[in-house]
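Under our numbering, the letters of the sequence shown match residues 311 to 521, in that order.
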Amino acid sequence: MIRDARVLQPEFVPRDVVHRNHEVTTLSAALDPVTDDREGETTFLYGPSGVGKTCIANVVTERLKATVPDLTVQYVNCWEDYTRFKTLYRLLEGLDQTFDIHRQSTPRDELVERLREHTDAYVVILDEVDQLDDKRVLYELHRTSGVTMVLIANRVEELFDPLDDRLASRLRTAVQIHSRATPWMNSSPSWPTASCGDCVTGRSRMGNSNG
């Protein structure tokens, strides 16, 4: 019998990520200053599709919010929100600051200034960040007080190659976390019994009342 169907949904954020201790620990350390209302370190989480990068970022930030209840965290899927306007709008949406913003008439620079008026700690997850069609927004966010960026992409060069030297030099100082594919992921589309069991059993137990 299903006890809690929510945990069986793709968007469910688990309490932990199995077999990703290094990534979770490194990202947690990079974001730790936020617990003292300071900016964390910009972090670049990269690796092949399907290794759990987004899940890692969500799990770590959920833990952070449990420690800092009034912390704001905003997730942006840059595959969908790939323009400068869409990205900035989504970030302001996380702060409830979009009520009078209009796509056609509101200057883009005004969105940046409004974001900079928010000086409290703000963690932003930019997933598929290499899909941004205007990388200038990364420079703007890098210079915005209080904003801590978690950048997610498949490969380092997909993000850095298109950047101008000024922005690339700043982002290369980010904490880089490589979430690697394990040998079984490279050789087979199917998870091995042990790893599959670890990842699925926990969620199954949470969602079902009888194993």
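Yeah, the Cβ is synthetic: ideal placement off N, Cα and C, and Gly gets one too.
As the structure is a prediction and not an experimental result, all values here were calculated from the model.
- From the listed residues E372, F354, V383, the smallest Cα separation to V466 is found for F354.
- If only complete runs of 4 or more residues are kept, the stretch 439 to 480 shows the alpha helix (DSSP H) at 446 to 452, 466 to 470, in order along the chain.
- Counting every other CB atom within 10 Å of its CB across the protein chains shown gives G357 a total of 16 or more, marking it as buried.
- Residue pairing from DSSP leaves Q414 without any beta-bridge partner.
- Judged by their CB atoms, L477 and L442 are not nearer to each other than the 8 Å cut-off.
- Here the alpha carbons of D444 and R394 stand approximately 6 Å from one another.
- Shown here, L398 sits in a helix according to DSSP, grouped into three states.
- The continuous beta strand (DSSP E) containing H488 extends over residues 485 to 488.
- When beta bridges are read from the DSSP output, Y432 appears opposite T382, V457.
- For L341, the enclosing alpha helix (DSSP H) has its first and last residue at 331 to 341.
- When the beta-carbon positions are compared, L341 and V370 come within less than 8 Å of each other.
- A distance of 8 Å or more separates the beta carbons of D430 and G404.
- In the structure shown, the three-state DSSP call for D437 is strand.
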